Each structure stands twice: as C-alpha cells, then as structure tokens.
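Data first, discussion second: the structure below is written as structure tokens.
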C-alpha cells in the first residue's frame, strides 16, 4: 500500500492548494497538478523496483510532502497562463517546500534511513520545483530564466545521447548549495518583492553558479569516462588509466572536450530556438520555446540517411534558410508591433529608409545609429552561426545514429499526438510546431498576392466616375467656405471608449463641444475604418483623398503616378486655393502637386518655427494652427481655402507633450524653449518600458490635440469655416491591446447649419464623440459620400 499512500499524499497537496486558492484551480491547474503527481508516483514505483527498496522511510515521506507541495506550485503556474493567481499562496507553497528540503536529509541521518532511492527522489523533487518556478518567473523576467529550470533535464537528455554523462558523480557539498540557491532566488523573484533590476541580477548570478556547477560535473565525467574511480582529496587530478602522465597536453584535451560539449549544447539550443520562436508579439512567451519543431526532426532524419558530403550541403543550406527564417521572424514581429499586419516583402522593403528616419526622430541620431549597426551585425551573425550550428548538430546526430533515431522517434510521436489533440501550453501556441515552414509559405503567398493585386488595383484606379464631374456641379453647397481636412495623428477608437484614458478624452470632447457651441459651431461624428494601424499615416491620407483602399506601400507607390480625382483635385477645380500643411515633412515632395494638386505645401522648414522639437513632433499643434492662420486664413481678399492639416503632437512616442499657451504668445515658437512640458515621460527607451506610462502619455497627447483644435476654432473660427477632423489610424499595440480594430473617429464641424443638414442621412451623432453604435464606413468610402452630399454626383455615362 506504499505507492497508493504516496499518491494520496501528492493529491492531498494538490487539494490543499485548490482549497487555499479562493477562486479554485482551473482546468489547466488540475490537469498539470494531477499529471505531476502521477508522474512522480510512477517515478517512485520505478525507483523502488530499481533499487530494491521495500518501504519508505520517514525522510522519504518528508520528501513526498515536498513533492505534493511542488505539484501544487505547478498547478498554480499552469493556471497563471490563463489569468492571475494568488502569488502569496504560490510563494508560500514554494517556501515550505524549500524549508522541508533542509529537513528530509536530517531526518534520514537521525533515523539511519538514508538510501539511494531517497537521494534520487530528493534530487528530482528539487529539479521539478526549480523547473516550475522558472516557468512562472520567465513570464515576467524573460524566457532566459527557463535555462535555470531546464538545466537538469538538458543534462539528463544529453546523457541519453552520451553514455559517459550517465556515470555516477561523487558527492559534492557545493552542488547542494547551488541547488538551494536556485530555489531561493526563484522564489524571491516570484514574490516580486525586489526591484526588477535587482531580481534579474540575482537570477543571472544564480544561472552563472548553476552553469559552473554543471560544467564542473561534465568536466569530471569526461575526465573519468573510461571508468576510473575518483581519487580522494579535494582537487586531485587523477592519472589516466593508460598511464599517460598528467600535464599541459592532458589539460588542453580536457578543455577541448568540455568546449565541444558546450558547443554541441549551444548549437542544439540555437537551432531549436530559431525553429520555434514566434513571429508575432501576441504569441511571444516562454511556452513558445518548449514546442517540438517538425522541421528540425525532418532535417535530422535527412542528415542520418545522406552521405557525408550530402549531409554537409544540407546543413549549410538549411542553416542559411533558417537564418532567413530568423530575419523574417524579427521583421514580422516588428511589423505586427507597428502596423498589426504581416510583413509584405515587395512593398515594405522599400520603406526601410523611412523607418530609420522615424527612428532617428524618436530615439535620436546616435541611438538610431547603434540600432542600425546592431541590426546589421545580428543579420551577419545569423548567416554565419546558424549554418555552423546546423553542421555541428547534423554531425553529432550522424556520429550517434542509433540514439539520434530513438530521440527523433520519441519527439515525432510527441509531435503527432499533440498535433492530433491540438495540445498547447497557452492559446495559439501549439506544442506540435511547424511555424518556420508556415512562415515561409505565408510569405510566398503574400508575394504572390502582391503581384496579382497590381492588375486589380490598376482597374480600380481607372474606374472613377467622379473624375469627369462638371465644375459647376462640384461642391456647390460649400462655395465660399474655408474647409480644413484635419488628420489628428493616432486618434483611434481606443481613445474614446474601452480604455483607461477614455474618460479623460471624453471629458475633453465634452469640453470641446461646449467651446464650439459658445462660438456658434456644431458637429456630427461617426467612425471610419483606417487602412493602416499604428503608423503609415500616408496610407490613410491617400485612401481618404482618392476613394481607394490603399492599405499597403505597394498600392501607394502604384497610385501616386496615376491621374486620380482626389478631394484636393475637386476643390482645386471648383475654385478653392488648396494647401497641404504637413509639418512632419522636411524634404521635397513632388507628388504633392503632381498627384494631389496642392497649390502650396508647407513643410517644417516653411512655417517659420524657431522652437524645440517634441520627440517625433517637429512643432506643437498649436503652432501649426497659428502658422496656418498667419500664412493663409488671416489674409484678406483671398479665395476660399481647402487645406489638409496633419497634426503631430499626438504622434508616438507620447513622452513629451507641449504646454498650451495663449494664442497671442505663440509667435515663432521660441517661447517653448522656456516652458515646461505639459507631460514629460523621460527618454524614449525608459518611457516605453512601462505600458501604463505609455498609455497615460497617449491619452494626454490626444487631450492636447483636441483642446488645441477646438480652442483654435473658438478663437479664430469664422462663420464660413468647415472642418473635417479624423484620426489617421489607431495607436500601437501597447496602447490598444491585442486584436484591436482599425476604426478611427471622424467629425464634421460647421457654423452654418445647412452644412450639417447635408449629412443628416449619414446617421452620425451630434457632438464630437461618436455613439458606440455609430455607422462605420471604410475610409475609402468617404470621398464619394462627401462629394455626393455636397452636390457632386458621378458624371453621366
């Protein structure tokens, strides 16, 4: 009855955990906890059979109690992937297990019941607790912490391939000290009682100690791989069995052997990590690196059947392909972070220059230069290291053919079973992985789709029934009015609902409504779907102006040389002066006149600004409006104005927000050199480490942008002023969260009530804040609806 009693004790520990957890364990917790108890019980049964132990001693029961507590910790860690768990309970269970680790040995010595079974049971419980704690801590610190928990099991797995690693090791007290250190440091890190930097430093030191301890054991086992018994005496260097005297040559061989083992281990880890690493931020977690890559198993099988030359060619080609996969994963990760879409090779490659320019504006030239150098060196390292790693892995597999076949067979069975069952550690992270092959296939499909889309988009560009609209019919209901098309940078739906900062923004919108009403202005608002996310404002600008869905850079490049009837073209033909106020631009932009037909383009160098920059923002929004008033709106005896105004103060990184000042103090902007910022979040890198600060900075920037806009209308607005105000895209994922929509608010503001009567059929709500159930259109639909509403229908025929 010993084994059932032991199993009962393990389940009791799990039940205790569930009882102390106020919300109870979830399905994952029960599954992992029961599985842990079952595996420990089977291991105990096998150990009793192997070492011929008839009964368990008092110390063994203490160790089994620790095993039950460890199973409880494992259950809580499993539940932590689905939601928050009681950290105090997890830390308490782990701490009690660590305390009992110091008890079972003493009990065994006091009662004279020390045994080989007890020693092995104690070691495996230690290793298991360290593993589950490392999985939990890795979620907050980083995947590298998993190396602490995986070290013991990697050592055992290596022994499966290299028999000399399975030899018995002599007792060493330092090994116990290092083991205890891992448990204590991981428990303290799990408790989150230390500053993050100090906790990471402690974990790093613990990992170094662990590597030293295992390294010393591997060295000793290599040195004694021919069966020599260890000599007595600390630090003694035993003579080899063949009688070769110890000396410098022998020391060099020992060093080379240890380095060879280390290189093989690193090569396997590098190849494995490269194959299973995720390519999207939403799926990047420590569990992703515990998956089984089918691509690696196929490569090893091919290496085992090919001759030496063929195996080497395979390894080099596979290594280069894997380097390409790693680069694609990194690029894909960044594109998803920025734009919530996959990498599109044909369109995105040409925009790396723009990306570097944005990086310089946000981070500074020196920091951007370091990132550029780091990126080049990383690509070079991947191209060199991955083929070398593949060469080593395939050679070791070929030299240990039988063991390699057995290992591949076991992993293939695990992959197949997990694939059939759909097993996964966390959502969208299946254990049976084929992510690298899928990524290459997906990118090939994207390239094919990009090629096919060229003809489709060309036909869409040619089909434009509004192009030949008679001038007399164009925009008749807006004749004599100044119309401003204002793109509020990063003003997305998340700003007005479903976020921590939405109440602050909604209050600013309500105050803006009161401000506008005091000046005789009113508004209607709805939502549009932007073609881009997190960046790429020019895609939104071109989509709204052209009435075409310009969702990628390839379409944008295809559109600009064509003759398309843009909103600017319509206003220009109908007699308006057309102006583009784009303060983020600092270089010639011939497409502005050739495609959009702007009469005048104001960039950052042409508005007389003499003040400081604000991270990406070249100047405050308040100065943009002040300069537009001075340069265009305030001039007497002029034509009506149509101007696109691209604001910048709400552009990421949102760590420096200007202060609002009286309009008569704006001047040339030099006053901002002497004013504190309304919001100051520190340097870009430190600011973006804290998502709460990023969200707060974003909310403050939108409030500033909206306040500046409505105060401008209140201060300078005349009865003939009409504004179309919309966001260009949602902000990046640290603000929106995962799987956010592409929707942005849009408002039309006017003093003349007849303007708003023209859009009554649109169903937009009164005020600057759209209703939750407001109509949602694609941004490409706005041009046609707008031209139709203000008396420009499609030309006949």
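Numbering (this note's numbering), first residue to last: 11 to 807. Cβ coordinates follow ideal geometry from the N, Cα and C atoms, glycine included. Nothing here was measured: the structure is a model prediction, and the numbers come from that model.
For residue i, name the three-state secondary structure that DSSP assigns.
{"i": "residue 592", "result": "coil"}
{"i": "residue 158", "result": "helix"}
{"i": "residue 238", "result": "Low confidence applies here, because residue 238 scores a pLDDT of 43, under 50, leaving its location unreliable and the question unanswered by this model."}
{"i": "residue 534", "result": "strand"}
{"i": "residue 36", "result": "coil"}
{"i": "residue 344", "result": "helix"}
{"i": "residue 497", "result": "strand"}
{"i": "residue 794", "result": "helix"}
{"i": "residue 406", "result": "helix"}
{"i": "residue 152", "result": "coil"}
{"i": "residue 708", "result": "helix"}
{"i": "residue 138", "result": "helix"}
{"i": "residue 111", "result": "helix"}
{"i": "residue 27", "result": "In this prediction, residue 27 has a pLDDT of 49, which is less than 50 and means its spatial position is unreliable; what the coordinates show is noted afterwards. Reduced to three states, the DSSP call for residue 27 is helix."}
{"i": "residue 256", "result": "Its pLDDT being 49, under 50, residue 256 is placed unreliably in this model, and the value from its coordinates should be taken loosely. Reduced to three states, the DSSP call for residue 256 is coil."}
{"i": "residue 783", "result": "coil"}
{"i": "residue 132", "result": "helix"}
{"i": "residue 434", "result": "strand"}
{"i": "residue 800", "result": "coil"}
{"i": "residue 245", "result": "Low confidence applies here, because residue 245 scores a pLDDT of 37, under 50, leaving its location unreliable; read the following figure in that light. Coil, per DSSP."}
{"i": "residue 476", "result": "coil"}
Out of the options, point me to the one whose CA is closest to residue i's CA.
{"i": "residue 654", "options": "587, 665 and 699", "result": "587"}
{"i": "residue 8", "options": "673, 667, 714 and 681", "result": "Outside the shown range of the chain (11 to 807) lies residue 8, about which nothing can therefore be said."}
{"i": "residue 234", "options": "451, 727, 177 and 607", "result": "177"}
{"i": "residue 634", "options": "172, 715 and 100", "result": "715"}
{"i": "residue 815", "options": "119, 289 and 220", "result": "This structure does not reach residue 815, given that the chain is present from 11 up to 807, and the question cannot be answered."}
{"i": "residue 344", "options": "545, 604 and 730", "result": "545"}
{"i": "residue 112", "options": "189, 519 and 777", "result": "189"}
{"i": "residue 86", "options": "753, 42 and 507", "result": "42"}
{"i": "residue 350", "options": "558, 318, 289 and 398", "result": "289"}
{"i": "residue 495", "options": "652, 392, 778 and 469", "result": "652"}
{"i": "residue 212", "options": "223, 222, 197 and 224", "result": "197"}
{"i": "residue 69", "options": "434, 688, 120 and 746", "result": "120"}
{"i": "residue 309", "options": "414, 464 and 295", "result": "414"}
{"i": "residue 534", "options": "519, 542 and 528", "result": "519"}
{"i": "residue 347", "options": "385, 315, 389 and 294", "result": "294"}
Can you list, in chain order, the residues of its chain whose CB lies under 8 Å from that of residue i, leaving out five sequence neighbours each side?
{"i": "residue 307", "result": "418, 421, 422 and 425"}
{"i": "residue 355", "result": "453, 456, 457 and 460"}
{"i": "residue 72", "result": "110, 113, 114 and 117"}
{"i": "residue 276", "result": "399"}
{"i": "residue 793", "result": "476, 554, 555, 556, 557, 576 and 577"}
Residue range of the beta strand (DSSP E) that residue i falls in?
{"i": "residue 737", "result": "731-737"}
{"i": "residue 786", "result": "786-788"}
{"i": "residue 757", "result": "753-760"}
Excluding the 5 residues flanking residue i on each side, which residues of the same chain have their C-beta closer than 6 Å to its C-beta?
{"i": "residue 699", "result": "none"}
{"i": "residue 609", "result": "587 and 588"}
{"i": "residue 326", "result": "397"}
{"i": "residue 722", "result": "635"}
{"i": "residue 272", "result": "none"}
If you drop the 5 nearest sequence neighbours on each side, which residues of the same chain put their C-beta closer than 7 Å to that of residue i?
{"i": "residue 79", "result": "23, 103, 106 and 107"}
{"i": "residue 410", "result": "171"}
{"i": "residue 84", "result": "42, 43, 46 and 142"}
{"i": "residue 599", "result": "611"}
{"i": "residue 484", "result": "580, 583, 584 and 802"}
{"i": "residue 169", "result": "175 and 176"}
Starting from residue i, trace the alpha helix (DSSP H) both ways and give me its first and last residue.
{"i": "residue 219", "result": "206-233"}
{"i": "residue 467", "result": "445-472"}
{"i": "residue 355", "result": "355-358"}
{"i": "residue 764", "result": "763-767"}
{"i": "residue 310", "result": "304-315"}
{"i": "residue 528", "result": "512-528"}
{"i": "residue 743", "result": "743-746"}
{"i": "residue 68", "result": "68-90"}
{"i": "residue 728", "result": "No alpha helix (DSSP H) holds residue 728; DSSP gives it neither H nor E."}
{"i": "residue 418", "result": "411-431"}
{"i": "residue 192", "result": "183-201"}
Residue i CB to nearest chain C CB: under 7 Å?
{"i": "residue 197", "result": "The structure shown has no chain C; it contains just one protein chain."}
For the ligand FMN, is there a heavy atom less than 6 Å away from the beta-carbon of residue i?
{"i": "residue 539", "result": "The ligand FMN is not part of this structure, which contains no ligands at all."}
Please list the segments of the beta strand (DSSP E) lying wholly inside the segment 553-610, counting only runs of 3 or more residues, in order along the chain. 587-591
Secondary structure, alpha helix (DSSP H): runs of 4+ residues fully inside the segment 638-704: 694-697
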